[in-house]
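Peer 1: Next up is a structure, given as structure tokens.
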Amino acid sequence: MSSLELKAKSPIQEALHNLSSDAGALFEPAMLEQLRAMRGRDPAAFARLRLQVKDARMVSMSEFDRLTAPCGEEGQPAANAGIFTEVEPWASPVNGADLLDDITHALARHVIADKETLRAAALWAAFTWFVDVVQVAPIANITAPEKRCGKSILLTALSKLVHRPLQVSNIAPAALFRSIELWAPTLLIDEVDAFLAAHDDARGILNAGFTRDSAIVIRCVGDDHMPTPFNVWGAKALCGIGKIADTLADRSVPLRLRRRTAGESVESLRHSDPMLWEQLRSRLARFALDNCETIERARPTPITGLNDRANDAWEPLLAIAEAAGEHWPKSARNAAITLHGLEGEAPSIGAELLADVKAVFDTKKASKIFSADLLEALIADEEAPWATWNRGKPISPRQLSAKLADFGIKSKDIRIGSANKKGYDLGSFLDAFGRYLLTDTPIPSATARQPSNGAASSDFLSATPRHSVADKKASQTSSDAGCHVVTDETPHQESAPEWDESDVEVF
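In terms of numbering that gives the first Met the number 0, the sequence shown is residues 0 to 506.
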């Protein structure tokens, strides 16, 4: 770089240029005054500068935020200067397995949930302390089917554990992305079902923060409406009733709670010992300090049977479990299989249509079917959504055609007996059945039974397609690669303590 270019740099740019060798220059009184002015005048520019400081890894971000916090007229720090409590790392090295066990037990004292949910919550809380060194930020999706299941209590308990917690019940989308970029918090949103219903565009902001590479949204700012990038990377927990949008659920670790029965009891979180949470935070800070490089380099083996997005979400959690050791690598994988296995019981509407179409072919034992007959059979099923698809009216032929076309399946002229009409051939569905339907039942053969002794029809499949190549391949795939095999075989890889009475007694 020429001397002329250096002279053209602002003092702040010059300090950033030399940050790797001299961090102190950035915190000289005159420089701090300029930084505070920039923070108040142009938050987006300050946030970009803050990312440069973070990437240099020469300065603590909490210290940087404290020193650059704008001051009021009386010289007092602004209201947001102390928004996050400083956490002093534990004085000695921390046993990761003991730490995660203690977090799990602390959570179990206040909410009713399966051990897999509690362990996943403990891993997610630990992940927030490594958010600067991982590449994926899974959303913690705290959910339950009804009210009074402890969702808000778990969210509040997590706020006592996570790094830089910012718990809100409602936030405007404009404030959402500005808060994430300015403060880099762990965002905990309560009543997310009502929040997203009122602010549908916020879903895109939450989705964008799943991977570090895609964690940018563009918004127009200022009087001249200048398009400005905002970084929305960070940890987020959502709490609400029922299902969230598929795009969010796909990026989430599901934490499912249930209402307690008369025989179950929990302790009041409001009356819990503050020292317990303070010590857990301190131990988490030390565990992160000692293991950040290990987690940054970690490349956990994906879990067979989970889809790619679920494996992405669990990547940082598995890395933390492996760093903790003892039973946690095994327990984390079991939790992932259990939680996402439950999630897999609710297929997408497209997969549900494929399953119902397959059921029609199976029931009729047909290799071909006219479009009108397929539509009639789908509508006849009162338990399926097709009879009321159009606001109480049946799904139309055009809609059925469009839904199937999404899977590359199109109608064509087919002959059944002496009739020739538009319809579908079973062979057109076999690829979609194999890709999108998880089943232990062999996919039917694409080869119809050959006519014999003058029989005129070839529209019915053999009831025992023993010699069909397509049958054998589909059967082998189901037996070797199904999710149920993963669930049955994975527990034998290494031993893991069960959730027994000794676990309960420490609560």
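All C-beta atoms, glycine included, are put in the ideal place defined by N, C-alpha and C. In this text the structure is predicted, and so the values were computed from the model without any measurement.
Taking only runs that begin and end inside the stretch 85-114, name each unbroken alpha helix (DSSP H) of 4 or more residues, in chain order.
Peer 2: You should have 95-107.
Peer 1: If I follow the unbroken alpha helix (DSSP H) through P273, where does it start and stop?
Peer 2: As a position in the sequence shown, residue 273 is number 274, starting the count at 1. From DSSP, the alpha helix (DSSP H) with P273 extends over 273-296.
Peer 1: Just verifying my parser: in three-state terms, what is the DSSP assignment at D189?
Peer 2: On the sequence shown, residue 189 is found 190 positions in, with the first residue counted as 1. Residue state, collapsed to three classes: coil.
Peer 1: Using a Cβ-Cβ cut-off of 7 Å (strictly less than) and excluding sequence neighbours within five positions of K146, which residues of its own chain qualify?
Peer 2: Your numbering for residue 146 matches position 147 in the sequence shown. For K146, where only same-chain residues beyond five positions count, the Cβ hits under 7 Å are I240.
Peer 1: Can at least three beta-carbon pairs, one atom from the stretch 148-156 and one from the stretch 370-384, be found at a separation below 8 Å?
Peer 2: No, the stretch 148-156 is not in contact with the stretch 370-384.
Peer 1: How is S395 classed by DSSP in three states: helix, strand or coil?
Peer 2: Stepping through the sequence shown from its first residue, residue 395 is reached at position 396. In this structure, S395 counts as coil in the three-state DSSP scheme.
Peer 1: Closest to G416 by C-alpha separation, out of A404, K409, K367, F428, would be which residue?
Peer 2: For the purposes of this step, residue 416 is taken as the residue at position 417 of the sequence shown. Out of A404, K409, K367, F428, K367 has the C-alpha closest to the C-alpha of G416.
Peer 1: With 16 other CB atoms within 10 Å as the buried threshold, where does D64 fall?
Peer 2: By one-based count along the sequence shown, residue 64 stands at place 65. Counting Cβ neighbours within 10 Å, D64 comes out buried, since at least 16 surround it.
Peer 1: Tell me where the beta strand (DSSP E) around R218 begins and ends.
Peer 2: In the sequence shown, residue 218 corresponds to position 219, counting from 1. Start and end: 215-220.
Peer 1: Determine the direct distance from the alpha carbon of G426 to that of Q449, and round the result to whole angstroms.
Peer 2: Indexing the sequence shown from 1 puts residue 449 at position 450. Indexing the sequence shown from 1 puts residue 426 at position 427. For Q449, the predicted structure reports a pLDDT of 44, less than 50, and the residue's modelled location is therefore unreliable. The matter cannot be settled from this model.
Peer 1: Compute the Euclidean distance between the alpha carbons of A335 and A309, then round it to the nearest angstrom.
Peer 2: Your numbering for residue 335 matches position 336 in the sequence shown. Your numbering for residue 309 matches position 310 in the sequence shown. About 8 Å.
Peer 1: Which residue's Cα is closest to the Cα of R40: N169, A68, V161?
Peer 2: In the sequence shown, residue 40 corresponds to position 41, counting from 1. Cα-wise, what sits closest to R40 is A68.
Peer 1: When you compare only the Cα positions, how much space is there between K363 and T337?
Peer 2: As a first step, residue 363 is located in the sequence shown; it is residue number 364 there, counting from the start. As a first step, residue 337 is located in the sequence shown; it is residue number 338 there, counting from the start. Distance between the alpha carbons of K363 and T337 is about 35 Å.
Peer 1: With a 10 Å radius around its C-beta and 16 neighbouring C-beta atoms as the bar for buried, classify L399 as buried or exposed.
Peer 2: To locate residue 399, count along the sequence shown from 1; it is residue 400. Under this definition L399 is a buried residue.
Peer 1: Three or more C-beta pairs closer than 8 Å, one from the stretch 315-333 and one from the stretch 155-173: is that the case here?
Peer 2: Touching, no.
Peer 1: Determine the closest residue to I516 out of D189, E180, E314, D272, with distance taken between C-alpha atoms.
Peer 2: Since the first residue shown for the chain is 0 and the last is 506, residue 516 is missing from the structure and cannot be characterised.
Peer 1: I'd like the ranges of any beta strand (DSSP E) spanning at least 3 consecutive residues and lying wholly in the stretch 230-276.
Peer 2: Entirely contained in the stretch 230-276, the beta strand (DSSP E) runs reaching 3 residues are, in chain order, 235-240, 251-255.
Peer 1: Going by beta carbon distance, what residues of the same chain come within less than 6 Å of A234, once the five residues before and after it are set aside?
Peer 2: Taking the sequence shown and counting its residues from 1, the one referred to as residue 234 is at position 235. For A234, where only same-chain residues beyond five positions count, the Cβ hits under 6 Å are T127, V130, A136, T185.
Peer 1: Is A201 near L157, with beta carbons less than 7 Å apart?
Peer 2: Counted from its first residue, the sequence shown places residue 201 at position 202. Counted from its first residue, the sequence shown places residue 157 at position 158. Taking 7 Å as the Cβ cut-off, A201 and L157 do not qualify as a contacting pair.
Peer 1: Looking at the unbroken alpha helix (DSSP H) that takes in F360, where does it start and where does it end?
Peer 2: Counting from 1 along the sequence shown, the entry for residue 360 is found at position 361. First-last of the alpha helix (DSSP H) with F360: 348-363.
Peer 1: Identify the continuous alpha helix (DSSP H) that holds K409 and give its terminal residues.
Peer 2: For the purposes of this step, residue 409 is identified with residue 410 of the sequence shown, where counting begins at 1. No alpha helix (DSSP H) holds K409; DSSP gives it neither H nor E.
Peer 1: Check the DSSP bridge columns for P228 and list the partner residues they point to.
Peer 2: Within the sequence shown, the letter at position 229 stands for residue 228. Its beta-bridge partners are I217.
Peer 1: Could you pull the DSSP bridge partners for F369 from this structure?
Peer 2: Against the sequence shown, residue 369 aligns to sequence position 370. The partner list for F369 (beta bridge, DSSP) reads G422.
Peer 1: Can you tell me which of I179, K159, A386, Y435 puts its alpha carbon nearest to the alpha carbon of A350?
Peer 2: Here the question's residue 350 lines up with position 351 in the sequence shown. A350 has its Cα closest to that of Y435, out of I179, K159, A386, Y435.
Peer 1: Can you find the residues in the same chain that come closer than 7 Å, C-beta to C-beta, to P172, ignoring five residues on each side of it along the sequence?
Peer 2: Locating residue 172 in the sequence shown gives position 173, counting from the first residue. These residues qualify, in order along the chain: H198, D200, A201, I204.
Peer 1: With a threshold of 7 Å on Cβ separation, who are the neighbours of R47 within its own chain once the five nearest residues in sequence on each side are excluded?
Peer 2: Position 48 of the sequence shown, counting from 1, holds the residue named residue 47. So no residue of the chain qualifies.
Peer 1: Which residue wins for smallest C-alpha separation from A379, given the options V356, T103, L305?
Peer 2: For the purposes of this step, residue 379 is taken as the residue at position 380 of the sequence shown. The option with the nearest alpha carbon to A379 is V356.
Peer 1: Which two residues bound the contiguous alpha helix (DSSP H) that contains I141?
Peer 2: One-based indexing of the sequence shown puts residue 141 at position 142. Per DSSP, I141 belongs to no alpha helix (DSSP H); it is in the beta strand (DSSP E), 138-143.
Peer 1: If we call anything under 7 Å between Cβ atoms a contact, is W232 one with R211?
Peer 2: Here residue 232 refers to the residue found at position 233 when the sequence shown is read from its first residue. Here residue 211 refers to the residue found at position 212 when the sequence shown is read from its first residue. Their beta carbons are under 7 Å apart, which means W232 touches R211 by this criterion.
Peer 1: Please report the distance separating the alpha-carbon of A297 from that of E115.
Peer 2: Counting from 1 along the sequence shown, the entry for residue 297 is found at position 298. Counting from 1 along the sequence shown, the entry for residue 115 is found at position 116. So the two alpha carbons sit approximately 23 Å from each other.
Peer 1: Alpha carbon to alpha carbon, what distance is there between T293 and K329?
Peer 2: Within the sequence shown, the letter at position 330 stands for residue 329. Within the sequence shown, the letter at position 294 stands for residue 293. Taking the straight line from one Cα to the other gives about 19 Å.
Peer 1: Can you name the residues that DSSP bridges to P164?
Peer 2: Taking the first residue of the sequence shown as 1, we reach residue 164 at position 165. P164 is bridged to T185.
Peer 1: Which residues mark the beginning and the end of the alpha helix (DSSP H) in which F432 is found?
Peer 2: Here residue 432 refers to the residue found at position 433 when the sequence shown is read from its first residue. From DSSP, the alpha helix (DSSP H) with F432 extends over 429-435.
Peer 1: Closest to L181 by CA distance: which of N230, H224, R218, N206 is it?
Peer 2: As a first step, residue 181 is located in the sequence shown; it is residue number 182 there, counting from the start. If we check each option's Cα against that of L181, N230 comes out closest.
Peer 1: Relative to the C-alpha of A248, which candidate in A284, P226, S347 has its C-alpha closest?
Peer 2: Within the sequence shown, residue 248 is the residue found at index 249, counting from 1. Answer by Cα proximity: S347.
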